[in-house]
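Protein chains: 2
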Amino acid sequence: MAEHTYVHGYSTRESERLSDQAETLTDLLHHDTRYPAGSRVLEAGCGIGAQTVILAGNSPGAIITSIDISEESLRKAEQSVRQAGITNVTFRQADIFHLPFPPASFDHIFLCFVLEHLADPEQALGRLRPLLKEGGTITVIEGDHGSTLFHPDNAFARKAVQCLVTLQRQMGGNSLIGRELYPLISYAGFRDVHISPRMVYVDSSRPALVEGFTKLTFTAMVEGIGATVLEKGLMTREEWDRGIAALYRTAEEDGVFCYTFFKATARK
Amino acid sequence: MAEHTYVHGYSTRESERLSDQAETLTDLLHHDTRYPAGSRVLEAGCGIGAQTVILAGNSPGAIITSIDISEESLRKAEQSVRQAGITNVTFRQADIFHLPFPPASFDHIFLCFVLEHLADPEQALGRLRPLLKEGGTITVIEGDHGSTLFHPDNAFARKAVQCLVTLQRQMGGNSLIGRELYPLISYAGFRDVHISPRMVYVDSSRPALVEGFTKLTFTAMVEGIGATVLEKGLMTREEWDRGIAALYRTAEEDGVFCYTFFKATARK
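Chains as they are written, first to last, in the UniProt record's numbering: chain E, 1 to 268; chain S, 1 to 268.
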């Protein structure tokens with residue numbers, strides 16, 4: 001995955017968004033991933049380290065190797081991890097399709113928000129599998145933009161979300177990948193594939209999620225593609241503004257916002 | 001709600017579908033609803049008793065009154081309850097908008113798959129509220145057809161599901177009501193409103209749900225409106241057949257099907 005194909009870009013705001021996302025979703029997505037002390041873990045596609053900090057924090061005795069294709073992201077990831085006082089992570093620049101590790105190097109592999117950006121996620125899983133020891137586990141977490149539900153419902157907001165799907169597809173990715181994890185991981189040769197959907201449900205009785213998820217994670221992510229959407233003529237400026245306003249509207253007193261992540265675990 | 005406005009009709013197959021639905025969804029939807037012995041419970045809109053049997057089975061000491069507007073449904077409900085050997089339910093024909101009970105008659109109120117069929121669900125909740133004792137609870141379970149996700153994705157299947165939404169709206173109902181429970185119940189004057197989304201996630205590692213939910217509950221429900229869809233020209237015969245085939249396709253080895261119910265609890 002070349003750096004310029006990452007749909008969300010590499011802006012400062014995007015870095016903040018990823019951190020916000022990890023912070024508000026930590027419990028929901030990560031609470032049940034704890035690796036034993038001494039186990040060797042590969043985090044494939046660590047990006048700026050938003051998940052790395054959580055992963056390493058939850059498994060302080062594990063020996064974690066985190067790779068990413070982007071040197072710039074890796075620098076940010078290293079900085080985050082250092083600032084958090086974490087010492088059990090080694091970073092390495094690497095392409096997920098050309099992995100520089102001997103077979104059976106790891107007890108566990110972890111990927112979060114990575115497959116959605118790849119043109120051939122099944123091939124990536126196929127390249128990762130030999131790196132696992134027999135009986136080792138893989139854990140994959142992905143979103144699915146098609147799971148987005150909100151009240152009040154709004155056609156412009158739905159269209160804005162659809163633009164995200166369209167742009168990611170144009171870049172060779174798939175932002176509807178969450179629902180596909182079961183066949184993808186099965187076809188890649190793993191066994192005991194188990195999928196656990198995790199819905200982020202937000203209404204005004206959950207103010208931290210209204211801020212942390214509806215506004216700062218999801219709507220900020222959609223807003224981040226605004227310039228590209230207008231440039232490509234996918235929506236008019238007026239439609240776009242109405243769509244974004246409608247997404248913020250769901251964060252009001254009587255609004256509701258839902259999004260589902262899918263967490264998969266499987267065994268070699 | 002007049003009998004003829006019930007979108008799914010009153011056929012034998014529909015009766016079977018509702019029973020299938022309740023059987024496969026029992027744990028997911030009902031496991032956390034248990035009323036104390038001696039408490040008075042109103043089930044509003046019991047239909048043919050698919051939920052009544054579960055409700056009464058889970059709360060064998062509660063004194064349950066189940067109402068419905070349809071005499072025919074009530075007869076089936078009574079029969080189901082009798083066959084299950086349940087003795088703590090009294091049935092009564094009544095309109096949810098004109099309830100024949102004095103104020104503060106009940107400790108708890110329970111509604112499952114009822115509000116979606118009403119033109120004014122907030123008014124119904126407003127009529128129910130005075131029947132609760134101070135501090136009594138209301139529990140509401142509803143689906144949301146907009147939450148339907150499947151793999152392989154298919155435009156005709158999505159269009160077929162959308163027909164269900166359209167027809168239910170034409171009859172004055174709202175099959176996207178699940179996401180709206182928080183504001184609806186809040187506006188009706190209840191407090192401590194808590195929403196718990198319950199996704200039914202189905203892949204081929206869960207064969208009972210493939211049969212019981214994807215095929216016998218959801219796809220059967222969509223198939224049930226086929227004649228009306230064709231009659232009203234909402235889809236052509238070919239489109240419809242392709243949509244239904246695509247829904248069945250999601251029940252194959254590599255298919256995935258997801259649907260989310262929303263369960264609300266609140267207090268007077």
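Heads up, the beta-carbon is just placed ideally off N, CA and C, and yes, glycines get one too. Nothing here was measured: the structure is a model prediction, and the numbers come from that model.
Residues of the segment 23-37 of chain S whose Cβ lies closer than 9 angstroms to any Cβ of chain E, in chain order: none
Closer than 8 angstroms: Met171/S CB and nearest the ligand NAP heavy atom: Ligands in the displayed structure: none, and consequently the ligand NAP is not present.
- prompt: Would you say Thr90/E reaches chain S, if we count a Cβ-Cβ gap shorter than 9 angstroms as a contact?
  reply: Output row for Thr90/E: interface = no.
- request: Grab the span of the alpha helix (DSSP H) containing Asp241/S for me, first residue to last.
  value: 237-249
task: Check distances from the C-beta atoms of the segment 195-223 of chain E to those of chain S and list, in chain order, the residues that come in under 7 angstroms.
output: Those residues of the segment 195-223 of chain E that come within reach of chain S (Cβ to Cβ, closer than 7 angstroms) are Ile195, Pro197, Met199, Tyr201, Asp203, Ser205.
- request: Using a cut-off of 9 angstroms between C-beta atoms, extract the partners of Cys46/E located in chain S.
  value: Result: empty, since nearest Cβ-Cβ is about 27 angstroms, beyond 9 angstroms.
task: Report the option in Cys46/E, Leu55/E, Ser39/E whose CA atom is closest to the CA atom of Thr26/E.
output: Checked all of Cys46/E, Leu55/E, Ser39/E; the closest Cα to Thr26/E is Leu55/E.
message: Using the Cβ count rule (16 or more neighbours within 10 Å means buried), how would you classify Ala22/E?
response: Reliability of the predicted coordinates at Ala22/E is poor, the pLDDT of 42 falling under 50, and the value obtained from them is presented with this limitation in mind. In summary, Ala22/E is buried, with 16 or more beta-carbon neighbours lying within 10 Å of its beta-carbon over all protein chains present.
Proximity winner among Ser73/S, Val140/S, Val81/S, Val210/S, relative to Phe190/S (alpha-carbon distances): In terms of Cα proximity to Phe190/S, the closest of Ser73/S, Val140/S, Val81/S, Val210/S is Val140/S.
task: Identify which residue in Gly85/S, Leu99/S, Ile86/S has its Cα closest to the Cα of Leu42/S.
output: Leu99/S
- prompt: Which residues in the same chain have their Cβ closer than 8 angstroms to the Cβ of Lys159/E, if we skip the five residues on either side of it in sequence?
  reply: Met235, Glu239, Gly243
query: How would you label His31/S, buried or exposed, when you count the other beta carbons within 10 angstroms and need 16 or more for buried?
result: exposed
- prompt: With Ile225/E and Leu164/E assumed to form a contact (beta carbons below 8 angstroms), what rounded beta-carbon distance in angstroms separates them?
  reply: 6 angstroms
message: Please list, in chain order, the residues of the segment 117-150 of chain E that have any C-beta partner in chain S closer than 9 angstroms.
response: The residues in question are Asp144, Gly146, Ser147, Leu149, Phe150.
Best match in Val114/E, Ile69/E, Leu216/E, Arg127/E for proximity to Pro102/E [C-alpha to C-alpha]: Arg127/E
task: Compare the C-beta of Leu115/E with all C-beta atoms of chain S and state if any pair is closer than 9 angstroms.
output: Leu115/E has a beta carbon lying at 9 angstroms or more from every beta carbon in chain S.
- prompt: Shorter than 9 angstroms from the beta carbon of Thr265/E to some beta carbon of chain S?
  reply: no
field: 9 angstroms Cβ cutoff, Tyr248/S in contact with chain E
entry: no
task: With a 10 Å radius around its C-beta and 16 neighbouring C-beta atoms as the bar for buried, classify Pro121/E as buried or exposed.
output: buried
message: By the DSSP assignment, the alpha helix (DSSP H) with Tyr182/E in it spans what residues?
response: 181-187
message: Taking CB distances under 9 angstroms as the criterion, tell me whether Val256/S reaches chain E.
response: yes
message: Among Thr250/E, Ser80/E, Cys46/E, whose alpha-carbon lies nearest the alpha-carbon of Val210/E?
response: Thr250/E
field: Short CB-CB distance (under 9 angstroms) between Leu176/S and chain E
entry: Taking a beta-carbon distance threshold of 9 angstroms, Leu176/S counts as an interface residue toward chain E.
task: Measuring alpha carbon to alpha carbon, tell me which of Ala266/E, Ile109/E, Leu29/E ends up nearest Tyr182/E.
output: Ala266/E
message: Along the chain, where does the alpha helix (DSSP H) containing Ile54/S start, and where does it finish?
response: 50-58
Cβ separation of Phe261/S and Glu116/S, assumed to be a contact under 8 angstroms, to the nearest whole Å: That pair is no contact at about 11 angstroms.
- request: Identify the contact partners of Asp107/S in chain E, using a Cβ-Cβ distance below 9 angstroms as the criterion.
  value: Those do not exist, as Asp107/S stays about 23 angstroms from chain E at its closest Cβ, beyond 9 angstroms.
field: Amino acids of chain S, ordered along the chain, whose beta-carbon sits closer than 7 angstroms to that of Val193/E
entry: Residues of chain S whose Cβ lies closer than 7 angstroms to the Cβ of Val193/E are, in chain order, Ser205.
query: Run through DSSP, which three-state label would Gly85/S get?
result: coil
field: Alpha carbon of Leu125/E to alpha carbon of Gln170/S, nearest angstrom
entry: 47 angstroms
Whole-angstrom distance between Thr52/E and Lys76/E, CA atom to CA atom: 11 angstroms
- request: Please list the partners that Pro103/S has in chain E, where partner means a Cβ-to-Cβ separation under 7 angstroms.
  value: Here the premise fails: no neighbours, minimum Cβ distance about 27 angstroms.
Contact check, Phe213/S vs Val202/S, beta carbons under 9 angstroms: yes
- prompt: Would you say Asp95/E reaches chain S, if we count a Cβ-Cβ gap shorter than 9 angstroms as a contact?
  reply: Cβ-Cβ to chain S under 9 angstroms: no for Asp95/E.
query: Where Leu111/S and Leu28/E are concerned, what is the direct C-alpha to C-alpha distance, given to the nearest angstrom?
result: 29 angstroms
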